Structure formats: structure tokens, C-alpha cells
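Q: Residue numbers (my numbering), protein chains in the order written: chain P, 1006 to 1400; chain G, 3 to 468; chain Y, 414 to 577.
Note that the Cβ used here is the ideal one computed from N, Cα and C, for glycine as well.
Owing to the predicted nature of the structure, the values given are computational and were not obtained by experimental measurement.
My questions will all concern the structure given below.
Have a look at this one:
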């Protein structure tokens, strides 16, 4: 045997202690918590490919070392490499963007490979939903919401196209296809284009929050107004008599893109934003807006409905503002990140929500066309009623 | 199981080393078992296929080496081994490709397509089929003695360090080590050093730069500058990914007492494509040279035949990487360049230029080949090559790509990659003299790599797909 | 089988130490205590209380940290302590299942908790439940069983581990 030099022994020692130590300490920790060591799980199930993948993933997720080390590594990468993590892209002037939303615009549509049925084209699911509602006498109004990068590409990169030039055609193409198929759609792309050019009341304010995926109160109000206008123009509903007032409320909000970095030290680099919101208040009672499950309109959607409505200040989001524009309270079903499918599944579980409805307004963020949770399968609703007035108007 | 994963580094490897070094005997049987566990981790059913390939080649090897076997019988056994091995590889790797192309042809002729059965590609099949094939050929040629035990042979075929992505270890390289090999502190620690360097290459460089390459190659219409950045990033990614795996494999082999051949030698410092093939995936190029190019006649049957042999070897080499026309084109491209250089007297057409210019031009030629290698199909490759020359308009959302790829991080990682790639000292040589300074640097790299690995998502090696 | 020959094994002592540590950890795990999962929370919260085996986690928990959601898992009921369940197999929605139960509650869902650290198929849990989930949780519900069952989904309020 060759004489072992100190550095050889030292390197080997550190290596061996590390590779043995991490697993042993992890197991010891689990035992001390009264758990079975996760590493032993491999003997508990049949060694199928799926079980082995799940075992490996569980092992990684439960790692104490990973949990402790992760924030420091993320912070170091943020400071040294401008790497804000897999979910975030750093924009200009402190603006943050949600990476999947940007990837949706960068990558080709439809994608070359889709993982299965209901994962690619949203059209069949939307048309099927429209037809099922029509069978119940209910109309459908679809509201695809432009992502922040679609509205503010210039805050992402200097190379963004000049204002007025369309950024990505994916969603616009789908809007055109929906309209061609006879589905009523609110084109918020046009609304925000006009607004940014100063053609909408409100001036050139920020329509999206710099550190958040969502729209600002101004952007939300524009969307609510455009949706109300469309509903009234199409004659799907008539303006009601309930009068609401607006009550200014300032809230502090830490952007969701900041939170999704999951690194407290990075979060501290982005102080919470103060946002001037407006709550919708019933003029006579003075109470803040409340949904009415018996309303003739049901609004389905995602976190774009939740912000300011269920989040602070409450009753100041798109649902309340849409109700104010229409003059009557609405029913709503909000499903964070699940407006492509989960919200329809929730509706299928609660079909009573469809009672007395004339119109369903279905909002979803454009990136869900590609990345929507659970894709775009058809979701059957329990069949009921004959075609009604609103559905007939949309034909 | 991926080397750069928690389950491998903190559970599988320590357990293997522990038992291996405590076992008084039967170490090959133990290595065989753990290698099957390692391989079966992807899909336990794949182990049966490996067992089949192993058994067939072992049997043919015994047949060839049987006392009194005639020359003709030996030849029949060798051919049968080649046919069975390549038949298995062909079925699992190329059946779908052939069937889809046949259906495309039938469709154009107006004939109803055939039903195509889905065949799953077993991971690493190209590597272990080649390895086991090398055994029967070496024994047939009399270059190696027949193996004395089935378990030893099965252990050679399945040996987990280099099982999935090489280096392709030929039987005659390792035959003696299967009989006797030394285990020393120095060997073990040099194995550790190489493993750490490989891990660092994969986790710190390949995975980081791979994000840039993926972002650009996945974009709908990248601008010219984006495309050049993307393909350069991919060139770095594939080098660090693959050479990182090879370093880890060789390192693991040393920890178990084996000496595997080097697989890379500063390939991006090549001054010609011929030179590149002496430095890139050396175990594959020598395998193809010894088992295909030479049997075809090499350069001994005249100029035209030499060109034909070169083209055949590179086309098949391309196809070996994957069942896709892009790989065929990639092989054809390299074959053409090799023939051209051969015609120029085995040197590049830019021989008279100073070395840095020769290196730069070779790298540039390689970039075009990496476009073919990375693109999912020929249309995409063409689209990307067009983008590199400004042939496509960077439109719509692809303009946002700038925000993703032109960052401080990209700049630093690219610079780091270039620094490592374009210097001559290779990991394989660097670890040979382990000083205290190097040991400390390696420990730092190990810590950094592990910390980074903890925050990275699952990221298999690129060559696993081959 | 032929033996590999070579010089004396240099790493044996170090690795022997590793074996001892490993054996120690294994013994420690074997000696782990039994737990019924009963505590003041699980026995008082919700309208139903069961001990059930987590039969299946279908699919993977979404990685999207941007949204809070409930993930539906399949259980086999071993014992009903309070209230009643409709069948031996129930479907339970757990809020943000990537988090340990003790850390799952937030400003939107304040009531969930328990001592379970991680969801693993095959484990037994003692749970305080409500039903149907839609009446108690208004966010995203990821239900991989949507197309194959019509049973109501239970909402897990408190989830404790059970060690047998």
C-alpha cells in the first residue's frame, strides 16, 4: 500500500464523514421526532418506478440540511448572480415578473408536446362549458386577463416592442378563435393598450403592481368596467338599481412574486408596497359589498378576482367593482391558480350556484392557457333546464 | 439514480462503500447486486433486459473460448453475439423511429399506416450493449482471456459508476482489474477528488448554463445574438454535463479500486475536427475506431474507401446517440468535416492560421453541430440556424428573452465556463498530484456543490438519453 | 467466485465506524414509540374524527408556491371516533400539504394543524374532519379523483400522526 499522505487522508475523511453524516443525522432527527426514518421507506413499498420516484422526492423534500441551507444559497445567488429563483425574473426599475407568465409569451403556441388529453388546446373545454351552460339557459362571457409581461414588456426588457405593437399572438389568437366560435369574450388586451396610450379615463397610471403578478386597483377597475360594458352591450343583463359608493382605503401589500422567492432575506430587499384601493360600499346601509348567491350573474375566476376582494382591503376587487358597475350584487366562485379547470370542478360539486343564473363570467389569466393547473379537460356539469334568454341572445 | 442527487450521495454511495470495504469476499457479487439496484432505480423491469444482454454475451463468449472450438464456430458465435446485441439495441432504440418514418412514407403513398407499439427506451442501453459486445469481440480476437465467472462478467457489464453514460469500458481494459486490483488511500482519495470535480462541473456549471441554453432553444423566434448565446451555452452545458459525469464515474471507479480510461481531454482546445474526435468522448471514438473503422478496412484500402469508412463510422456514431434525423445529420456533418480534413492531409483547412484562430474556428464549426444535436427535429434545427444568421425575425414574445438570458448571472457563469473550457489543465490530470491547497479547494467545491444541489430541481445528465 | 485480491483495506476502520452509526440509527428507529394520535385538538375540532390509513397520494403536490390549495388524498378508514363517515374509503383535502401541519395555517386558513410533518402513502393519521370541503374551504381544490367518484370530499382540520 502506498503511504497515505495527510492531504489524501484529510480529503477522504471529510468526504466520507459528509456522505455518511448527512443521511445518519437526518435519520437521527426523524427518530428523535418519533418518526420512522424516511430512508427506510424504500423497503415498505413495491419497488415500482413511480414509488421509487416518490421515495426520492420525499427524501429530498424532508431533508433538514436542504431546508437549512436553501435560504442562504438563494440569497447568495440573488446577490451575486441576480438570480431570483426559478419563479421570478428581475425586470427594470424594481419590477418583478412571474417566470411562467413570461415563458408563455416566449415559447411557441401550441406547444410541440403536450402531456396528455386536456393539456393542450383550451378551446374544446371552453366550448364544451359554453354548451353545458347553454343547455341550462345560461350564457357565458369569457375574460382572459393579459399577464403583466403582456401589458408592461418595457418594464421587463429594453428590447420590448414599441408601444402599440402586439407582443405575443397566442392569447389574441385564442380570443379570435373563441369569437369565431360564437363565444362572447372581453378583450382586455385592447383595453389596456388604449389605457396605456391614455385613451381610457384614469391617465397613464400603473395598471399592474410592480412586485406582484396581479393588476393594480386601476387595472382591476378598467377590467371591471370593460366587463360590465360588454355584459350590457350584449344585453345579457340589465343595469340594476342598487347604488354603491367607493371608499378609499390604503393597504400595504408584499408582492406575491417576492413571497414566492421563499427567502426572507431576499424579501427584505423588497419592502411592502402601499396601494390605494377603493372598497365598494352599499350607499344606503354603508356596509361593504357582499356577494349574493342568488344573483343572475356568477363570476368564476382566479386570484385576479381574489386580490382586493378577499385579500385586503376586502370588497374592493373585480367582483365588487363589477357589481357596482352593474348595479346589483353578484355570486362568485374564486379558485386561486385554478381558473382553467379547478373552478369548473368546484362548480360541478356545487351546481346549486347555477340556480337563477343568466350569465357566467369566466375570468382566467392568459398563462393558464398553457400552464393552468390540471390543464383543460372537459368537466361535466349535472344537466338541467332548457335554454334561456341569455343563452339565446349569445347564439 | 443520478450521481448528483441526495439519494445517491447520502444514502446509496455510503452504504455501497461501507459494505464493499467490510466484505471479506464476494465483492463482485455485491457490486453486481448494487449495480442492478442502481440501474433498476429508473425502472426495475429494465434490469431483466440487461440480464438478457449479459447472459447472451457471456454464453457466446464461453462458446468462442471453448477448448477445441473451430475457427468457424468461433466466428459464428461472435457474429451471433453481434447480431443479438445490436438487434436488441436496434429494437429498443430504433423501432419507434423506423416505424414512424415508415408510416410517414406510407402516408405519402396513400397507404394506411401501421399500428405502432410504444417501446420504451431503456436508459443507458447504448452503453452497456457496446460494453458487453466488446467482450465477445475481444475474446474472439484473442485480445482478452474469457471471463472466469458469470458474476464477474455481469459485474463488468452492470458496474454502476459507468453504467449509464460511460466512459465505455472495453473488456480488455478491465479484464485484469476484475482479477486483481489495488485499494489504497491515495487511489481512493484521487477518486474522491475526481468525483468532487465532476459534481462541481455538473451542479455549479452545467445546470446553471443549461438554463440559458434551454431558454433560448425553447423560444419561438430568438434573435441572432440570442441564438449565438444559446448555442454557446449549450456547448458549455454538454461538455460540463458529460465530462462531469465521466469524472464522477472514473472517481467512483477509483473508490472501488478500478481504473477507467479518461473520456475527455480539453476538447474545445481542438485545432481541427479530427483533433476534436481525439479529445471528445474518447471511449466512444476509440470503440468505433477499433470495432467499426478498422474492421471496415480503416485507411488501408485506398482513399475512397477511407472516406466511405469515415462517413459510415460518423453516421452510425450519430445514430448511436439517438433515433432522430438530427443525429444522423450531426454524424454526417462531422463525417464530412473529417473527410475534408483527411483530404487536406489530416489537418484543418485553416492550418496555417495561428493556434488561437484554429481553436476559435473549430469551436465555431462545433457550434453548428451542437444546434443539430440539441434541436428536437430538423425543422427546429433549421429555424435555429436561420436565427443565428438573422434569418428569422425575433418577433413577439421572444423579444422578452433578453430579460431571461442577459443577466449578471449568465455573464458570470459564461465567463467561468469559458475560463475552464479554454485552459489546458484537465480534471483527470489535475487530481494526480493532490496538494494541501488542492484538497482544501476540493472541500470548498464539494460544500458549494452540495449546497447548490439542495436548491436545484431534479436534473438528469444529458447523456442519459443516449 | 473468484476473489478480488489487493492490499489491506485502508478505509475499513473509518467505514466500520460508519456502520456502527448506521446500526445505531436503525436501532433508534426500531425503538420508536407508539402513538394513537389523540390530543385535545383532534378530539374536539370538526364534526368527524377518524383514524385512517393514507392509501394513495395521486400525482404530485404542485410546486407552485404562488397559490394556496387543498390536495385531495385517498384514505381507508380504520376507526371512527366521532361522527360518521359515508364509507370505508374517504377522500380528504389537506391544505398546502407540502408544509408540516403545524406550519400549514395562515391568515386565510387559520384552523388547520396537527403534528404530522409529511404526507406519505401507507402512514396512518388521526384526523378531525368536516364535510363537504367546499363549505369550509373556498380556494383551489386539486382533486385527481374528480372523474371517478361522486362522494363528498372531507376537509382536514387537524391531522396527527399515528405510530403503531
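Between residue 448/Y and chain P, is the shortest Cβ-Cβ distance under 9 angstroms, so that the two count as touching?
A: yes
Q: To be precise: take each residue of the stretch 1070-1104 of chain P, compare its Cβ to all Cβ atoms of chain B, and keep it if any distance is under 9 angstroms. Which residues remain?
A: Annotation note: the requested chain B is absent from the structure, which comprises protein chains P, G and Y.
Q: Any chance you could list the alpha helix (DSSP H) runs of at least 4 consecutive residues sitting entirely within the stretch 1067-1108 of chain P, in chain order?
A: Taking only runs of at least 4 residues, the alpha helix (DSSP H) segments lying wholly in the stretch 1067-1108 of chain P are 1069-1086.
Q: State the Cα-Cα distance for the pair residue 1082/P and residue 100/G, rounded to the nearest angstrom.
A: 46 angstroms
Q: Which residues of chain Y have a Cβ atom closer than 7 angstroms to the Cβ of residue 1259/P, listed in chain order?
A: By Cβ distance, chain Y contributes nothing, its closest Cβ being about 12 angstroms from residue 1259/P, past 7 angstroms.
Q: Under 8 angstroms Cβ-Cβ, which residues of chain P neighbour residue 526/Y?
A: What residue 526/Y touches in chain P: nothing, since even the nearest Cβ is about 16 angstroms away.
Q: Counting only runs that start and end within the stretch 134-190 of chain G, where is the alpha helix (DSSP H) found for 4 or more residues in a row?
A: 152-160, 162-165 and 173-181
Q: Going by DSSP, what residue range makes up the beta strand (DSSP E) through residue 540/Y?
A: 537-543
Q: Are the beta-carbon atoms of residue 566/Y and residue 547/Y separated by less than 9 angstroms?
A: yes
Q: What is the rounded straight-line gap between the Cα of residue 563/Y and the Cα of residue 570/Y?
A: 22 angstroms
Q: Let's test the definition: count the other Cβ atoms within 10 Å of the Cβ of residue 1295/P and tell me whether it reaches 16, buried, or not, exposed.
A: exposed
Q: Could you give the DSSP three-state label for residue 216/G: helix, strand or coil?
A: DSSP, read as helix, strand or coil, puts residue 216/G in helix.
Q: CA-CA distance, residue 10/G and residue 257/G?
A: Taking the straight line joining both Cα atoms gives about 15 angstroms.
Q: Provide the residue(s) that pair with residue 573/Y in DSSP beta bridges, ordered along the chain.
A: 539/Y
Q: Near residue 471/Y, which residues of its chain fall below 6 angstroms by C-beta distance, leaving aside the five closest residues on each side in sequence?
A: Spatial neighbours of residue 471/Y in its own chain (CB-CB distance under 6 angstroms, excluding positions within 5 residues in sequence) are listed in chain order as 557.
Q: Is DSSP giving residue 64/G helix, strand or coil here?
A: Correct three-state label for residue 64/G: helix.
Q: Just mark residue 110/G as buried or exposed, buried being the case when its beta carbon has 16 or more other beta carbons within 10 Å.
A: exposed
Q: Can you say whether residue 454/G is buried or exposed, counting buried as having 16 or more other CB atoms within 10 angstroms of its CB?
A: Under this definition residue 454/G is a buried residue.
Q: Could you name the residues of the same chain whose beta carbon sits closer than 6 angstroms to that of residue 155/G, not counting the 5 residues immediately before and after it, in chain order?
A: Correct list, in chain order: 60 and 149.
Q: Is it true that the CB of residue 1250/P sits closer than 9 angstroms to the CB of residue 1285/P?
A: yes
Q: Would you mind stating whether residue 289/G and residue 132/G have Cβ atoms separated by less than 9 angstroms?
A: yes
Q: Please tell me whether residue 192/G and residue 253/G are closer than 9 angstroms, where the distance is taken between their beta carbons.
A: yes
Q: What residues of chain G sit near residue 1013/P, judged by a beta carbon separation below 7 angstroms?
A: 187, 188, 191 and 436
Q: Quick check: the Cα distance between residue 98/G and residue 122/G, rounded to an integer number of angstroms?
A: 9 angstroms
Q: Take residue 189/G and list the residues in its own chain whose beta-carbon comes closer than 6 angstroms to its own, dropping the five residues that flank it on each side.
A: 256
Q: Just the C-alpha distance for residue 1109/P and residue 1387/P, rounded to the nearest angstrom, thanks.
A: Distance from the CA atom of residue 1109/P to the CA atom of residue 1387/P, rounded to whole angstroms, is 33 angstroms.
Q: Whose C-alpha, out of 539/Y, 573/Y, 554/Y and 540/Y, is nearest the C-alpha of residue 1343/P?
A: 554/Y
Q: Between 1297/P, 1072/P and 1282/P, which lies nearest to residue 1322/P when the distance is taken from Cα to Cα?
A: 1282/P
Q: Within a Cβ cutoff of 6 angstroms, which residues of the same chain sit near residue 442/Y, ignoring the five residues on either side of it in sequence?
A: Because residue 442/Y sits at a pLDDT of 47, beneath the cut-off of 50, its placement in the model cannot be relied upon, and the point is left open.
Q: Compare the C-alpha of residue 196/G against each of 441/G, 461/G and 456/G and name the closest.
A: Comparing Cα positions, the closest option is 441/G.
Q: Spatial neighbours of residue 245/G within its chain, please: C-beta separation below 6 angstroms, excluding the five flanking residues on both sides.
A: 266
Q: Measure the alpha-carbon distance for residue 461/Y versus residue 492/Y and round it to whole angstroms.
A: 11 angstroms
Q: So, does the CB of residue 250/G fall closer than 9 angstroms to a CB anywhere in chain P?
A: no
Q: What residues in its chain sit with their C-beta under 7 angstroms from that of residue 498/Y, if we drop five residues either side in the sequence?
A: The beta carbon of residue 498/Y lies closer than 7 angstroms to those of 461, 463 and 490 in the same chain, with the five residues before and after it left out.
Q: In the stretch 1014-1040 of chain P, which residues sit with their C-beta less than 8 angstroms from some C-beta in chain G, listed in chain order?
A: 1014, 1015, 1016, 1017, 1019, 1020, 1021, 1023, 1024, 1025, 1027, 1028 and 1031
Q: Just reading off the beta strand (DSSP E) that residue 486/Y is part of, what are its end residues?
A: 482-495
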